[in-house]
Ligand code: SF4
Ligand code: SF4
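Numbering (my numbering), first residue to last: 166 to 458.
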């Protein structure tokens with residue numbers, strides 16, 4: 166019986182040669198490892214639930230690592246939003262029990278790695294080797310071979326998506342977001358739990374609801390502001406944004422004012438020529454996303 170460790174390398178949206186080289190070097194470094202099954206997939210955040218890459222992640226045997234160009238916390242909850250489950254760190258005990266009941270599998274361990282977090286391919290490869298050596302999850306699947314690249318052919322055609330991602334480890338189901346959003350993005354499931362029901366209704370570049378969520382549970386992984394994109398630690402940058410706009414006089418409660426301004430702008434089909442004042446300019450800067458690409 167062989168242990169199998171699955172690795173998914175999510176391509177960058179960009180054509181930056183350095184990013185492409187890093188992705189390819191990681192794959193090359195792990196290619197010959199006997200118990201590692203490596204897949205290269207299109208940009209994680211742009212995937213849709215029915216894609217081949219998502220199916221491959223759902224079906225992956227054994228412990229799994231997902232490497233992507235977004236924050237690790239964002240990766241974790243994007244996977245959740247794509248219904249890639251079965252991991253031991255699922256927050257809902259009921260959900261975990263349901264997973265266990267519907268499968269003979271033990272729950273697998275998920276590791277998310279930010280491809281910006283280490284200096285080179287060798288350090289990523291070494292981290293993966295250590296994870297694979299420590300993998301506790303076994304199944305009688307055939308030994309790993311170099312896998313084809315599920316869904317990689319979609320990479321050139323994938324639409325760039327923009328939608329909120331909920332961190333259910335933080336969410337208290339307070340419903341602020343569903344009350345705030347005027348575009349019908351949010352809904353509730355059968356248990357009255359908040360969910361992103363119509364992700365494609367979200368207005369590209371709008372991060373407004375992330376500012377009104379009292380738990381900072383809403384992420385936009387491609388936003389330029391780390392606190393909105395899913396960085397962990399203090400969420401001070403939200404406040405720093407406000408001080409830029411209000412000349413340092415803002416209180417944390419002003420996040421709602423800013424969010425309302427952002428939401429208002431996305432309600433307008435055409436932005437007014439006049440009135441493009443300093444506030445609009447700063448809002449544009451704040452809403453700038455994907456700045457790294
Ligand atoms: S506002 Fe935040 S905490 Fe409240 S339901 Fe929405 S995501 Fe959850
Ligand atoms: S970012 Fe704006 S459009 Fe998108 S869900 Fe939040 S409030 Fe709605």
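Glycine included, every Cβ here is placed at the ideal spot set by N, Cα and C.
Boundaries (first-last residue) of the beta strand (DSSP E) holding residue i
i: residue 230; result: 229-233
Cross-strand partners of residue i (DSSP beta bridge)
i: residue 352; result: 360
i: residue 277; result: 231
i: residue 431; result: Note: residue 431 sits in no beta bridge, so no partner.
i: residue 204; result: 173
i: residue 330; result: 384
i: residue 252; result: 273
Whole-angstrom distance between residue j and residue i, CA atom to CA atom
i: residue 367; j: residue 219; result: 21 Å
i: residue 340; j: residue 183; result: 42 Å
i: residue 375; j: residue 197; result: 43 Å
i: residue 245; j: residue 186; result: 28 Å
i: residue 239; j: residue 324; result: 19 Å
i: residue 317; j: residue 174; result: At residue 317 the pLDDT is 46, less than 50, meaning the model places this residue with poor confidence; the figure from the coordinates comes in the next sentence. If I take the Cα positions, the gap works out to 10 Å.
i: residue 203; j: residue 420; result: 42 Å
i: residue 273; j: residue 336; result: 24 Å
i: residue 171; j: residue 208; result: 17 Å
i: residue 223; j: residue 299; result: 21 Å
i: residue 379; j: residue 353; result: 18 Å
i: residue 241; j: residue 432; result: 31 Å
i: residue 191; j: residue 213; result: 25 Å
i: residue 289; j: residue 250; result: 24 Å
i: residue 225; j: residue 347; result: 38 Å
i: residue 296; j: residue 286; result: 15 Å
Range covered by the alpha helix (DSSP H) that runs through residue i
i: residue 182; result: 182-195
i: residue 246; result: 237-246
i: residue 391; result: 391-394
i: residue 344; result: 341-345
CA nearest to the CA of residue i, picked from the options
i: residue 386; options: 377, 431, 352, 370; result: 370
i: residue 233; options: 276, 223, 221; result: 276
i: residue 362; options: 377, 247, 432; result: 247
i: residue 231; options: 253, 205, 211; result: 205
i: residue 178; options: 235, 193, 200; result: 235
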